[in-house]
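As given, the protein sequences belong to chains A and B, one line each in that order.
The first sequence begins at 1 in our numbering and counts up by one.
The second sequence begins at 1 in our numbering and counts up by one.
Built from N, CA and C at the ideal position, the CB exists for glycine as well.
Keep in mind it's a predicted model, so treat the numbers as computed, not measured.
Read through the structure below, which is laid out as structure tokens, and then see the notes.
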Amino acid sequence: MTTTIKRLLIVSPMLMAFALGLFLYQGIGKDPNNIESSLIGQSLPAFNAPTLMSPNKNVTQVDMLGQPALINVWATWCPTCRAEHEFLVGIAKQEKVRIFGVNYHDQLTAAQQWLKELGNPYVFSVSDPKGVLGIDLGVVGAPETYLIDAQGVVIDKLTGELNERTWPPLRSKYLKLLEATN
Amino acid sequence: MFKAALASMLFCLASAVLPLAQADIKSYEFAEPEMAQRFVDLTTVLRCPKCQNQNLADSDSIIAKDLRAQVQKLINTGQTDRQITEFMVQRYGEFILYDPPFNKATMVLWLMPFGMVLIGLWALWFFGRKTHNQGAMLTPSEQQQLDQLLADNQPPSRD
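Right, dumping it as structure tokens:
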């Protein structure tokens, strides 16, 4: 055996062990709930469902197009949704962000009451009591917020609370989309 | 002894888990009995996206219930196992598979065991090689000397 091969034999498993260590190390502290949505880069799924405020009127994905927007999945049983609601009302009012709601696995009257009491940041909320649209969107649990462009292509997804900390990165993407549309 | 202990342990585990799973299936209706078995198999290999260390069959979260109902619906509408798996992957990504395919993202996962074996083989070779060398280090004259010493110290025969 030549010395170079010998040296290689001695060193390469060490390198492999080191690489493995590095690989495992970079996984420490990662949030396992942060799974990248497989919907990113794809168009919104087709749906046809009533809205929360006028249950006799159906809307479809086409009603969400034309401008970049956020789609916020929420429910009255979800504490984090309660926590982020004021923030949603804020950006809808002050920054004129177009937000659509998906009222997920909820009761109609409770949800209507919630919007009356806490304010309604949504252009409309799609009523999804059985989670049908939820499955097509790949919703894991409320709250989740999707950023879509004017053509309805999903650009990004936030799992968890939208607040002062999580909004800025999403906001810069939203503003870029807004610039591209106007 | 050990085998018996292991067997009884496995039995306890199985009896603790199986009745639960079976009780759950009964609430799902299927057109044909073989579909119920497919339902069990599919909900076992599909992972719950919310409670990530459970499969769809075991989890009680809202999303797992929804997805179980969805699997039931798809089976009853005549979809194949493959179509159902694709339906889930399209929406929830490969994350939802407990038996992920080999690709760029899962390469490390699949190749790591072989790497571990390589490291093990290397360790055997690396730590085994020193003792080997010692024997080979004797020169012919030293070897002769050693043979002589061993021959001189032969224990006297007993008979």
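Rounded C-alpha distance that separates Asn33 (chain B) from Leu22 (chain A):
Asn is not the amino acid found at residue 33 (chain B); the sequence shown has Pro there. Roughly 49 Å separates the two Cα atoms.
What in chain B is Cβ-close to Met16 (chain A), meaning under 8 Å?
Gly115, Leu118, Ile119
Limits of the alpha helix (DSSP H) - the one that Leu109 (chain A) falls within:
Leu is not the amino acid found at residue 109 (chain A); the sequence shown has Thr there. From DSSP, the alpha helix (DSSP H) with Thr109 (chain A) extends over 108-118.
Helix, strand or coil at Ala19 (chain A) according to DSSP, with G and I counted as helix
helix
Chain B within 7 Å of His105 (chain A), Cβ atoms only
yes
Proximity test, Cβ basis, 7 Å: Pro49 (chain B) and chain A:
yes
Rounded Cβ spacing between Tyr146 (chain A) and Asp128 (chain A) (contact assumed at less than 8 Å):
That belief does not hold up - the Cβ atoms of Tyr146 (chain A) and Asp128 (chain A) are roughly 14 Å apart, past 8 Å.
Could you check what DSSP says for Asn76 (chain B) in three-state terms: helix, strand or coil?
helix
Could you pull the DSSP bridge partners for Ile148 (chain A) from this structure?
A:Ala69, A:Val154
For the segment 91-152 of chain B, list the beta strand (DSSP E) runs that are entirely contained and at least 3 residues long, ordered along the chain.
none
Mind checking Ala75 (chain A): buried by the 16 CB within 10 Å criterion, or exposed?
buried
For the segment 133-156 of chain A, enumerate the residues whose C-beta is nearer than 8 Å to any C-beta of chain B, in chain order.
Gly134, Ile135, Asp136, Leu137, Gly138, Val139, Val140, Gly141
Compute the beta-carbon to beta-carbon distance between Ala150 (chain A) and Thr109 (chain A), rounded to the nearest angstrom, for a pair I have assumed lies under 8 Å.
With 8 Å as the limit, Ala150 (chain A) and Thr109 (chain A) do not qualify as a contact, their Cβ atoms being about 34 Å apart.
Go ahead and label Leu150 (chain B) buried or exposed: buried means 16 or more other beta carbons lie within 10 angstroms of its beta carbon, across all protein chains shown.
exposed
Does the distance from the CB of Gln61 (chain A) to the CB of Ala49 (chain A) come in under 7 Å?
no
Spatial neighbours of Glu94 (chain B) in its chain, beta-carbon cut-off 6 Å, leaving aside the 5 residues before and after:
Pro100
Where Gln154 (chain B) and Met137 (chain B) are concerned, what is the direct C-alpha to C-alpha distance, given to the nearest angstrom?
24 Å
Grouping DSSP H, G and I as helix and E and B as strand, with all else coil, what is Ala75 (chain A)?
coil
Between the C-alpha atoms of Asp106 (chain A) and Val108 (chain B), what's the straight-line distance to the nearest angstrom?
41 Å
DSSP three-state assignment for Phe100 (chain A), whether helix, strand or coil
strand
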